[in-house]
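Take 10 as the starting number for the sequence shown in our numbering and just add one per residue.
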Amino acid sequence: LQAARILLSNVDCPPYSVDLVISSPSLPGYISETKKRRHDIGVALLLTSDSEFLKDAYNLLGPQKHKTFNDYGLTALSQAVITKNDEAVSFLIENNADINAAVPPDNNAQSCALSNEFSGWSPLSWAVAFQDIFATNKLLEVGADVDEIYMIQETPLKIATMIGDSETFARLISSGSNAFSSSKCYDSLQCTIRNLGSPSALAVAAAFGRREFVSIMLSQS
Numbered sequence: 010l011q012a013a014r015i016l017l018s019n020v021d022c023p024p025y026s027v028d029l030v031i032s033s034p035s036l037p038g039y040i041s042e043t044k045k046r047r048h049d050i051g052v053a054l055l056l057t058s059d060s061e062f063l064k065d066a067y068n069l070l071g072p073q074k075h076k077t078f079n080d081y082g083l084t085a086l087s088q089a090v091i092t093k094n095d096e097a098v099s100f101l102i103e104n105n106a107d108i109n110a111a112v113p114p115d116n117n118a119q120s121c122a123l124s125n126e127f128s129g130w131s132p133l134s135w136a137v138a139f140q141d142i143f144a145t146n147k148l149l150e151v152g153a154d155v156d157e158i159y160m161i162q163e164t165p166l167k168i169a170t171m172i173g174d175s176e177t178f179a180r181l182i183s184s185g186s187n188a189f190s191s192s193k194c195y196d197s198l199q200c201t202i203r204n205l206g207s208p209s210a211l212a213v214a215a216a217f218g219r220r221e222f223v224s225i226m227l228s229q230s
């Protein structure tokens, strides 16, 4: 465990907060932009979970209706998860929402106001972070990604490990999460100050002293 603390930065600190205000930034003149207003109204209609408003919402959101982001890089599904609107989560999934649409990286054309630390966080990532069992199970049931290259920061398994959520941790392991994958760059010749990344779930478990998690992950190897 001490070796892990030496290798991993900031491991003696608790996981950073994922509290988030969903409302859009108040910038002069920004609120009057037609495109943004159409988006906000469309998402608001989706979050009502009322099928009568579905067509109107899609018309407002346009051709990218299943993968449209707000100023924070969040889709309607991610917003429903964060606000623990289980009814909207079910409604959106049933109506073909993109279950893997993640917060875009800051070098993306769709860069957002949300901290780069959350780049690559999918609806499942938020569900795990907020310990929303309903949303987590619902997303896993419909095949949400547990490990993918777009998850440039933490995977859902790493988040569950940091939080110490044993139930979700076990569910993610049984769903095929990779305990050994890392997006951290350890090559000083290739790394830049912008290369954040995340160590493997196994390293995170060791750093936080979660011996039971470590044993489970090693038994899966």
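In this text, a Cβ means the ideal position worked out from N, Cα and C, and glycines have one as well. Note that the structure is predicted; figures quoted are calculated from it, not measured.
### Query
Does the Cβ-Cβ distance between THR145 and VAL137 come in under 8 Å?
yes
### Task
Over the uninterrupted alpha helix (DSSP H) stretch that includes GLN73, give me the two end residues.
Segment: none, GLN73 is in no alpha helix (DSSP H) and carries neither H nor E.
### Message
Is SER99 close to the ligand FAD? I mean its beta-carbon at under 7 Å from any heavy atom of the ligand.
### Response
The ligand FAD is not among the ligands present in this structure, which contains no ligands whatsoever.
#### Entry: Inter-stretch contact (C-beta, 8 Å, three-pair minimum) for the segment 94 to 113 and the segment 65 to 76
yes
### Assigned exposure category for ASP59 - 16 Cβ within 10 Å defines buried
exposed
### Query
ALA215: buried (16+ other C-beta within 10 angstroms of its C-beta) or exposed?
buried
#### Entry: alpha helix (DSSP H) segment containing GLY51, residue limits
43 to 55
### Query
Using the C-alpha atoms, what's the distance from PRO208 back to MET226?
14 Å
### Task
Quick one: residues in its chain with C-beta nearer than 8 Å to the C-beta of SER228, no 5 flanking neighbours on either side, listed in chain order?
none
### Query
With 16 other CB atoms within 10 Å as the buried threshold, where does VAL151 fall?
exposed
### Query
Is HIS48 near ASN68, with beta carbons less than 8 Å apart?
no
### Query
What is the residue span of the alpha helix (DSSP H) that THR164 lies within?
Here THR164 belongs to no alpha helix (DSSP H), and DSSP marks it neither H nor E.
### Task
Below 6 Å CB to CB, which residues in the same chain sit around SER184 once its five sequence neighbours on both sides are set aside?
LEU149, VAL155
### Task
Let me know the secondary structure DSSP gives ARG190 once reduced to three states.
According to the sequence as given, residue 190 is Ser; it is not Arg. Coil.
#### Entry: Spatially closest choice to PRO132 from PHE222, LYS93, ASN125, by CA coordinates
LYS93
### Task
Grab the span of the alpha helix (DSSP H) containing PRO132 for me, first residue to last.
132 to 138
### Message
Starting from ARG180, trace the alpha helix (DSSP H) in both directions and tell me its first and last residue.
### Response
175 to 183
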